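Okay, structure first, notes after.
2 protein chains.
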Amino acid sequence: MQVEMQQASVSTPSAREIRIERIFNASRERVWLAMTDPDLVAQWWGRGNKLVVERMEVRPGGHWRFVEHGPDGVYGFEGRYREVTPPERLVNTFEWDGMPGYVSIDTVMLEPLDGGRTRVVNTSLFHTPEERDGMLSAGMEEGLNQSYAALDRLLASIS
Amino acid sequence: MQVEMQQASVSTPSAREIRIERIFNASRERVWLAMTDPDLVAQWWGRGNKLVVERMEVRPGGHWRFVEHGPDGVYGFEGRYREVTPPERLVNTFEWDGMPGYVSIDTVMLEPLDGGRTRVVNTSLFHTPEERDGMLSAGMEEGLNQSYAALDRLLASIS
Numbered sequence: 000m001q002v003e004m005q006q007a008s009v010s011t012p013s014a015r016e017i018r019i020e021r022i023f024n025a026s027r028e029r030v031w032l033a034m035t036d037p038d039l040v041a042q043w044w045g046r047g048n049k050l051v052v053e054r055m056e057v058r059p060g061g062h063w064r065f066v067e068h069g070p071d072g073v074y075g076f077e078g079r080y081r082e083v084t085p086p087e088r089l090v091n092t093f094e095w096d097g098m099p100g101y102v103s104i105d106t107v108m109l110e111p112l113d114g115g116r117t118r119v120v121n122t123s124l125f126h127t128p129e130e131r132d133g134m135l136s137a138g139m140e141e142g143l144n145q146s147y148a149a150l151d152r153l154l155a156s157i158s
Numbered sequence: 000m001q002v003e004m005q006q007a008s009v010s011t012p013s014a015r016e017i018r019i020e021r022i023f024n025a026s027r028e029r030v031w032l033a034m035t036d037p038d039l040v041a042q043w044w045g046r047g048n049k050l051v052v053e054r055m056e057v058r059p060g061g062h063w064r065f066v067e068h069g070p071d072g073v074y075g076f077e078g079r080y081r082e083v084t085p086p087e088r089l090v091n092t093f094e095w096d097g098m099p100g101y102v103s104i105d106t107v108m109l110e111p112l113d114g115g116r117t118r119v120v121n122t123s124l125f126h127t128p129e130e131r132d133g134m135l136s137a138g139m140e141e142g143l144n145q146s147y148a149a150l151d152r153l154l155a156s157i158s
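If you read the sequences in order, they're chains A and B.
Under numbering that gives the first Met the number 0, read the first sequence as residues 0 to 158, first letter to last.
Under numbering that gives the first Met the number 0, read the second sequence as residues 0 to 158, first letter to last.
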């Protein structure tokens, strides 16, 4: 499938930000659903690894916690929702158990495109440039491309 | 008691930081204990209001959650410990339920002074200048002085 070849476009608009852009072949409503329904998130967020959605309260102030069971170990991620505006904007904090207390603010914007496609722009804001660079060097881009490829497959299956 | 008249010194060393300095009439080990023992924290953090320490795992990666029962309502606060170096340095995230997803990094440094006193310097780093200003205008200084006055009384009682 052509969609699986797509790579996310990663840029650094400021010293403390990472901006990631990706187009999906599905409507904005469907992409929003895949990103906010716990049963659907469990099918793509873990990049093919088993993902346990321990907590996912998609409302302002709600908490989320995902645990990925990979071949090399178990990785927990968690945060809290700041803004929830279906189907266009989701803002939440993001923290990895491996670097506890290092928190980014992730803003996801969904923009409808022609042909029933959707542009997803994810901007992560860190407290310091060093934390931003640490996330980049930790393989964020590769992991995200794997997640998004799994999301492509899921979207194709529920279209 | 003279110690109860003391005010914390508040400054803004950068556009995203608040620095708060305060001297306590107790040894560094005792101040550290009062800040990290859940039973003791419950006696001063709430500024005279009932404080429920729901969670307080003082270790890197551990979570904390305090709920203050004031005359005007119930306020929850939470975060996660990033660094725990007794008795000199404690770093944790800080988030108020009223502004979920707005997270500061609080670094507390304890410095021993002559006469068995301790200087406590708390630096809060926010993601944006606006978040920093919001915290200042929310009455952080007054609340903190009330907490620290209660801490003075607790330290005097356990000395």
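For each residue, glycine too, the CB sits at the ideal point set by N, CA and C.
Since the structure is predicted, the reported quantities are computational estimates derived from the model, not experimental observations.
Does the beta carbon of residue i come closer than 9 Å to any beta carbon on chain A?
i        : result
VAL2/B   : Its pLDDT being 44, under 50, VAL2/B is placed unreliably by the model, and the measurement read from it follows with that caveat. No, because no Cβ of chain A sits closer than 9 Å to the Cβ of VAL2/B.
PRO128/B : no
THR35/B  : no
ASN91/B  : yes
LEU135/B : no
PRO59/B  : yes
LEU124/B : yes
Provide the residue span of the beta strand (DSSP E) that contains residue i, from first to last.
i       : result
TRP63/B : 62–69
VAL90/A : 88–95
SER10/B : 8–10
GLU77/A : 72–84
GLU53/B : 49–55
I'd like to know if residue i contacts chain B, where contact means its C-beta is closer than 9 Å to some C-beta of that chain.
i        : result
VAL102/A : yes
PRO86/A  : no
TYR80/A  : yes
GLU178/A : With chain A covering only 0 through 158, there is no way to say anything about residue 178/A.
PRO99/A  : yes
SER13/A  : no
Name, in chain order, the residues that DSSP records as bridge partners for residue i.
i        : result
ASN121/B : ILE19/B, VAL107/B
LEU112/B : ARG116/B
Looking at the secondary structure, which residues open and close the alpha helix (DSSP H) in which residue i lies?
i        : result
SER146/A : 139–157
LEU40/B  : It should be noted that the sequence gives Val, not Leu, for residue 40/B. 37–43 is the extent of the alpha helix (DSSP H) around VAL40/B.
MET98/B  : Where MET98/B is concerned, there is no enclosing alpha helix (DSSP H), given that its DSSP letter is neither H nor E.
ARG131/A : 128–136
On a CA-only basis, which of the options is nearest residue i? Give me that one, please.
i        : options                               : result
ALA14/A  : PRO99/A, LEU150/A, GLU130/A, MET139/A : GLU130/A
VAL57/A  : GLN145/A, PRO128/A, ALA33/A           : ALA33/A
GLU140/B : ILE19/B, GLN5/B, PRO12/B              : ILE19/B
ILE17/A  : THR127/A, TRP95/A, LEU150/A, VAL66/A  : THR127/A
PRO70/A  : GLU53/A, GLU28/A, GLY47/A             : GLY47/A
ALA7/B   : ASP36/B, LEU143/B, LEU50/B            : LEU143/B
PHE65/B  : LEU135/B, LEU153/B, THR35/B           : THR35/B
ASN121/A : ASP113/A, ASP132/A, SER103/A          : SER103/A
SER146/B : LEU50/B, GLU87/B, PRO12/B, LEU135/B   : LEU50/B
| task | Would you check if the region 112–122 of chain B and the region 19–39 of chain B touch, i.e. whether three or more CB-CB distances between them fall below 8 Å? | result | The region 19–39 of chain B vs the region 112–122 of chain B: in contact.
| field | At least three beta-carbon pairs within less than 8 Å, the region 75–87 of chain B to the region 41–53 of chain A | value | The region 75–87 of chain B vs the region 41–53 of chain A: no contact.
| query | Hey, is the region 105–112 of chain A in contact with the region 87–97 of chain A, meaning 3+ C-beta pairs nearer than 8 Å? | reply | By the Cβ criterion, the region 105–112 of chain A is in contact with the region 87–97 of chain A, since at least three pairs of Cβ atoms, one from each stretch, lie closer than 8 Å.
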